[in-house]
Each structure stands twice: as C-alpha cells, then as structure tokens.
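Note sheet for the following structure.
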C-alpha cells in the first residue's frame, strides 16, 4: 500500500467526517414551531415584535420573568427587550392583541398556554433553542420515552433556584419527584454525600440523556466512578475481574446499610462468586463454637477483606490474591 494512496484515503475520510458533522449539527438544530398546526386560531397570526401591551394584563408575570436566566440571556444574546420573548414560547400574538378585553374567550384561544399542552408539545417548544450541548441526546432518551416534560423539572416564569431554572431551590427534589427509592437510599448509613450538599444527581447523571447506561455522563459505570475514585482505576498488575467490569457489581451507588455502600455484608458478598468451603469464611454451626475448636477463631470478624485488603487490585509482585 503506497503512502500516496494512504494520504488520499485520509484526505477523503477527513472530508467525509467534516460533511457528516455539518449534517449532524444541522439536523440537531432547533426546529421552528408550526403555530398554526399547534393551534388553528393562530393561523395567519404574525409576530408583533414588541409586546409592551402585555404589561397591562401580565405585569406581575413579566416583572418576575425579568429576573430569570432566560430573560437575561435573551437580552444579552439577541439585544431585545424581555417582552418580545413572550412569542418564542406562546406563539405570534397579533390576534391575541386584537381581541378586546371583554372578549376573554378569544383572548385565551389566541395564545398558546402551557397549561393545556402535552409534554411532547411543550418539549418541542423548548427544543427550539435547547437542542445542543448537554441537551443533544434528549430525543430518544429514557426521560423523553417516559413522557417527562421540560416543565416537570424546570419553571420558566420566575426564579426559584440559583441555576438551571429548577422548580425547587434544591435540585435533588426535582429528581425525587419520581425517583423516591433513591431518596430513601440517600438516608441510609452509607450513602453518596447528596444530603450534605457536596454533590447532586447531575454530578453523575445527565437528565437530558447521554451515551452511557442509566443516563450517566460517562460512557460506563466505572468511568463515572473514576471521576472521583481515581486510585481505583489502575493500571494494576493484578486486577479483580468484577472491579474491572462494573463497580456496581459490589456497590450500591445510591446508598446502603452496609459499610462502603456494599450491596451485602462480607463474607456473603464475596461468596456470591467464591465458594465458602475449606476456607476461614465457611459458615460454622454451634458444634464448632467450643474454645478448643481450631475453627473457633474464625467465628468473629470473618471478613474476606481482613486478609485480602487490596480487594480492588494490587501492584505488588506477590499480590495475586490481593493480600498485599
């Protein structure tokens, strides 16, 4: 294979990948909403551009909205007043403005209200702007497939949290609306430092979807754990197979009643894979309790890690059994 042929192939490959990235970026760009299809009353309606008239009826809402991140970003990025951003989410307002104050029915029918929309429709409106970066995997994600809407977690019209427009001041409460089993685990004796505020659910998970399992930020469970527990990564001379494969084989990542967030107490956890026969961790009965029994020394504190202390792996030349 000549160097000239290899060079030509690489040039073609780079050009193909560049075109592919352009196509992907265009396909992931926010799609505009067909407001007429969404609400027949909005057919023929046009944008008024300046919705200062909204303040006559919605002054309190606009005043609260001006303090949100959305309002600040809209003004900084597009140089427009906050009032004109109403139409991004609620549709063109020309017909809404034309309806008189006395015609309340027409007022309500000529604007898109999030109170009457399905989760899918709400998400389409939000995805006009939010379909890049960490949100690019939203389509087809576990949350989307289960009918979760953007407004189930975020509140747009007023500032309730310090960041991300969460519905609650504490972001964990947003997740616990559905994941109540994880909330219970957080209060176990061994747990992730969530309740102390040292981390949040999004420290490990991307709620908008991702390439990894369980909506993890990294591509694997171990890759997520290694972001903090780098000493467990290796490379190691002697590797423990379940450790290399998946940390959650032994640990419950959200909380446990056992030390080190183990799923079961040792030696029972180890004996799920390793036979207990002819070993100090053998389960002895009352006949072996006597003080003269050579086996009585194993009745107390019979944990595998008492001897196999380097259970995550060893770099010692004689550490094949993780004892050093």
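In the working numbering, the protein residues as written are -9 to 314. Glycine included, each C-beta is placed from N, C-alpha and C at the ideal position.
Check, Outcome
"So, for residue 241: in the same chain, excluding its five sequence neighbours on each side, which residues have a beta-carbon less than 8 Å away from its beta-carbon?", "250, 251, 252, 253"
"By alpha-carbon positions, which one of 246, 210, 245 ends up nearest to residue 233?", "210"
"Return the residue from the list 29, 90, 68 that minimises the CA-CA distance to residue 43.", "90"
"Give the range of the alpha helix (DSSP H) segment to which residue 173 is assigned.", "170 to 176"
"Helix, strand or coil: how does DSSP classify residue 18 here?", "For residue 18, the pLDDT reaches just 40, beneath the cut-off of 50, and the residue's location in the model is therefore unreliable, leaving the point undetermined."
"Rounded to the nearest angstrom, what separates residue 142 and residue 157 at their Cα positions?", "8 Å"
"For residue 22, would you say it is in contact with chain D, using Cβ-to-Cβ distances shorter than 8 Å as the test?", "The structure shown contains no chain D; it is built from a single protein chain."
"At which residues does the alpha helix (DSSP H) containing residue 213 begin and terminate?", "211 to 215"
"So what does residue 180 bridge to, in DSSP terms?", "246"
"Can you tell me which of the three DSSP states residue 83 falls into?", "coil"
"So for residue 158, helix, strand or coil by DSSP?", "coil"
"Do you know how far the Cα of residue 62 is from the Cα of residue 300?", "52 Å"
"Buried or exposed for residue 219, please, with buried defined as at least 16 other CB atoms from any protein chain shown within 10 angstroms of its CB.", "exposed"
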